[in-house]
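Peer 1: From first to last, the protein sequence lines stand for chains A and B.
Counted the way my numbering counts, the first sequence spans residues 1 to 196.
Counted the way my numbering counts, the second sequence spans residues 1001 to 1171.
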Amino acid sequence: MTDKQKTTINIRGLTFLIADSNAYFSSLCHSILRGFGATRVIEARDADDARKALVQHKIDLLLLDQRLPPTGGLEFTRWLRSDPTNEFRTIPILIMTSDTRSTIVSNARDCGANMVLVKPVSPASLYDRLVWIAFNPRKFIDSKDYFGPDRRFKIEGYPNGVGRRAGDKAVDLGTATGPALSQSDIDALLKATRNG
Amino acid sequence: MTMSKLDDDEAREFHVETKFQQYAKRPGGIPRDTAIVNAQSTVAALKPNFETWVDDEMARLLKVIPAEGPDLDTKAWMDTADLHCQRLADVSATMGYEFVSYVANNLCLMFEAVRRGADYRRDVMICHLDALALGRKDKFSRMKPEDVPDLTEGLRRVLESPKLKAKRNGP
C-alpha cells in the first residue's frame, strides 16, 4: 500500500453514530462525515438514545460528546467497554470535548476511548483521526481494571506525515487539574509510554 | 480476532480488526484533500441555518442571565448559561465565526472560575455579552480574534482580573 493510499479512507457503507446533545453541532459533524463519503450517519441526543442506536443500527464508529447527558461520554465509554456481552465492545470511540484539561483527556484514555477530538472540530482534524484509527490499529487489553485499546502505544506520526503537528511531543501525564491542552498535546498525551 | 496471553494471567491482549478498519482500507475512498474540500462544502450549506441558530442561542443565553437581585446569588442559572456558551464556542469556529467562538469560550472560562470559587463579576459578563453582539454583526462576523487585537486584549485583561485569574486553574 502506498503512502497516498494510507491517507485515504473509504467510509462508504459504514455506520457512524454521533452522540451529542447539541443538535447543531451534531448536524455539523454529520455534514463533515457526508463530505468524507459516509452514507449512514445516525444521531443521538443522550445516552439512552445512543444505547438504542448501537443495537438498532449496528454502529461501526462512535463519536461521543464528553458531556453527553445524563452522565457523560466517558461513563458511556466505560459502560460499553466493560460489558463482556456487548457486541459493540470493541468499536472505535472518539471522545469530542471542549474541556481539554489533562484530567479529562487521561480519563478518556482510561475509559477506553481510541481518540480525543477537540471541539471546535475541523474537517481536517476529524479526517486525520479517522485515518489514524484505520491505519494504526492497537491491540486491545483486557484486564481486571481496564478493557480497551492499549494505552501504551507509540505513534510514529500520521501516515505519510499528514496531520502531524509541529508541537507533537511526548508529555508526562498531567496532575489532577491543569491548563487546557491543544489537540497536538492531547495526541501526545495519548501516545508513547512504551519505548518513550 | 487473535488472542495471546501476557505473563500476567489477569491481563490478556488481543488483536481486533473492526469493521471500520476493514472497510476504511478498501480502495476507492476519497483522498484527504478532496474529502476536506467536500466537507467544507457540505458545512457551508448549513450556513443560512447557522445565523438563525446563533441568534437563538444568544437570545437563550441573554434570557437566563439574571439582573441584579437574589437570583444572581444562586448560581443555578450559570449551568444553563454555560451550556449555551459551550454550544456557541463549539459550533461558531467551525462555521467561520471565530471571534464569537472566542468570546463564548471566554465566558465558559469565567463560569468555570466562578464554580471554583471566584466572585461573579457582572461587569465581566456584560462586557463579553457586548462583544458577542458585536461579533454577530456582519462587519465582525468573519473576523478572527487576531483581527481585532485591541478588543481581544481588552477581553483577555478583563478575564484575567486578579480574582478570576486566581481561580482559573485552581483545584
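Even for Gly, the Cβ is constructed at its ideal location relative to N, Cα and C.
Since we're looking at a predicted model, the values are computed, not measured.
Would you mind sorting Ile-1126/B into buried or exposed? The rule is 16 or more other CB atoms within 10 Å of its CB.
Peer 2: Label assigned to Ile-1126/B: exposed.
Peer 1: Taking CB distances under 9 Å as the criterion, tell me whether Leu-1046/B reaches chain A.
Peer 2: Answer yes: the Cβ-Cβ gap between Leu-1046/B and chain A drops below 9 Å somewhere.
Peer 1: Put Ile-32/A into one of helix, strand or coil per three-state DSSP.
Peer 2: The answer is helix: DSSP assigns Ile-32/A an H, G or I state.
Peer 1: With a threshold of 9 Å between beta carbons, is Arg-1156/B in contact with chain A?
Peer 2: With 9 Å as the cut-off, Arg-1156/B does not count as an interface residue toward chain A.
Peer 1: Would you mind stating whether Ile-18/A and Asp-60/A have Cβ atoms separated by less than 9 Å?
Peer 2: No, the Cβ-Cβ distance between Ile-18/A and Asp-60/A is not below 9 Å.
Peer 1: Would you identify the three-state DSSP class for Met-1095/B, choosing helix, strand or coil?
Peer 2: Coil, per DSSP.
Peer 1: Less than 6 Å between C-beta atoms, sequence neighbours within five positions excluded: which residues of the same chain meet that for Ser-21/A?
Peer 2: Around Ser-21/A: Arg-45 and Pro-69.
Peer 1: Got a sec, what are the start and stop residues for the beta strand (DSSP E) Ile-1126/B sits in?
Peer 2: Run containing Ile-1126/B: none in the beta strand (DSSP E); it sits in the alpha helix (DSSP H), 1122–1136.
Peer 1: By DSSP, does Val-1064/B sit in helix, in strand, or in coil?
Peer 2: Helix at Val-1064/B.
Peer 1: What are the residues in the region 118–137 of chain A lying within 9 Å of chain B by C-beta distance?
Peer 2: So the list reads Lys-119, Pro-120, Val-121, Ser-122, Pro-123, Ala-124, Leu-126, Tyr-127, Asp-128, Leu-130, Val-131, Ile-133, Ala-134, Phe-135 and Pro-137, given in the order they occur along the chain.
Peer 1: Determine, using beta-carbon pairs with one atom in the region 125–142 of chain A and one in the region 1021–1041 of chain B, whether at least three such pairs fall under 8 Å.
Peer 2: The region 125–142 of chain A is in contact with the region 1021–1041 of chain B.
Peer 1: Under 7 Å between beta-carbons, which chain A residues line up against Ala-1076/B? List them in chain order, please.
Peer 2: Within chain A, no residue comes near Ala-1076/B; the closest Cβ sits about 17 Å away, beyond 7 Å.
Peer 1: Can you check whether the CB of Asn-1038/B is closer than 9 Å to the CB of Gly-37/A?
Peer 2: Against a cut-off of 9 Å, the Cβ pair of Asn-1038/B and Gly-37/A comes out as a contact.
Peer 1: For a cutoff of 9 Å on Cβ pairs, would you count Lys-144/A as touching chain B?
Peer 2: For Lys-144/A, the answer is yes, since a Cβ of chain B falls inside 9 Å of its Cβ.
Peer 1: Using 10 angstroms around the beta-carbon of Glu-1153/B, count the other beta-carbons present and answer buried if the total reaches 16, otherwise exposed.
Peer 2: Looking at its Cβ environment, which holds fewer than 16 other Cβ atoms inside 10 Å, Glu-1153/B is exposed.
Peer 1: Rounding to the nearest angstrom, what Cα-Cα distance links Asn-1094/B and Ser-1101/B in this structure?
Peer 2: Residue 1094/B is actually Thr in this sequence, not Asn. For Thr-1094/B and Ser-1101/B, the distance between alpha carbons rounds to 9 Å.
Peer 1: How about Leu-131/A and Ile-9/A: do their beta carbons lie closer than 9 Å?
Peer 2: Here residue 131/A is Val; the residue named in the question, Leu, does not match the sequence. Their beta carbons are under 9 Å apart, which means Val-131/A touches Ile-9/A by this criterion.
Peer 1: Quick one: list the residues of chain B neighbouring Pro-92/A, beta-carbon separation under 9 Å, in chain order.
Peer 2: Near Pro-92/A (Cβ distances below 9 Å), the residues of chain B are Thr-1018, Phe-1020 and Gln-1021.
Peer 1: Taking the alpha-carbon of Val-1054/B as reference, which of Pro-1149/B, Phe-1099/B and Asp-1150/B has the nearest alpha-carbon?
Peer 2: Residue Phe-1099/B is the option with its Cα nearest to Val-1054/B.
Peer 1: Starting from Gly-1154/B, trace the beta strand (DSSP E) both ways and give me its first and last residue.
Peer 2: Run containing Gly-1154/B: none in the beta strand (DSSP E); it sits in the alpha helix (DSSP H), 1149–1159.
Peer 1: Compute the distance between the beta-carbons of Met-1058/B and Ala-1133/B, then report whether it is under 9 Å.
Peer 2: Yes, the pair counts as a contact, with Cβ atoms nearer than the cut-off.
Peer 1: Is the region 1084–1092 of chain B touching the region 1104–1111 of chain B in the sense that three or more CB pairs, one from each, lie closer than 8 Å?
Peer 2: Judged by Cβ distances under 8 Å, the region 1104–1111 of chain B makes contact with the region 1084–1092 of chain B, as three or more pairs qualify.
Peer 1: Can you tell me whether Gly-157/A is buried or exposed, with buried defined as 16 or more other CB within 10 angstroms of its CB?
Peer 2: Low per-residue confidence applies at Gly-157/A: pLDDT is 48, beneath 50, and the placement is therefore not dependable enough to give any value.
Peer 1: Please work out which residues of its chain come closer than 7 Å, Cβ to Cβ, to Ala-1011/B, disregarding the five sequence neighbours upstream and downstream, and give them in chain order.
Peer 2: Same-chain partners within the cutoff: there are none.
Peer 1: How long is the line joining the alpha carbons of Ala-192/A and Lys-1139/B, rounded to whole angstroms?
Peer 2: Reliability of the predicted coordinates at Ala-192/A is poor, the pLDDT of 43 falling under 50, and the value obtained from them is presented with this limitation in mind. Distance between the alpha carbons of Ala-192/A and Lys-1139/B is about 46 Å.
Peer 1: Mind reading off the beta-carbon distance from Phe-88/A to Leu-33/A? Whole number of angstroms is fine, and I expect it under 8 Å.
Peer 2: Not really, about 18 Å apart at Cβ, beyond 8 Å.
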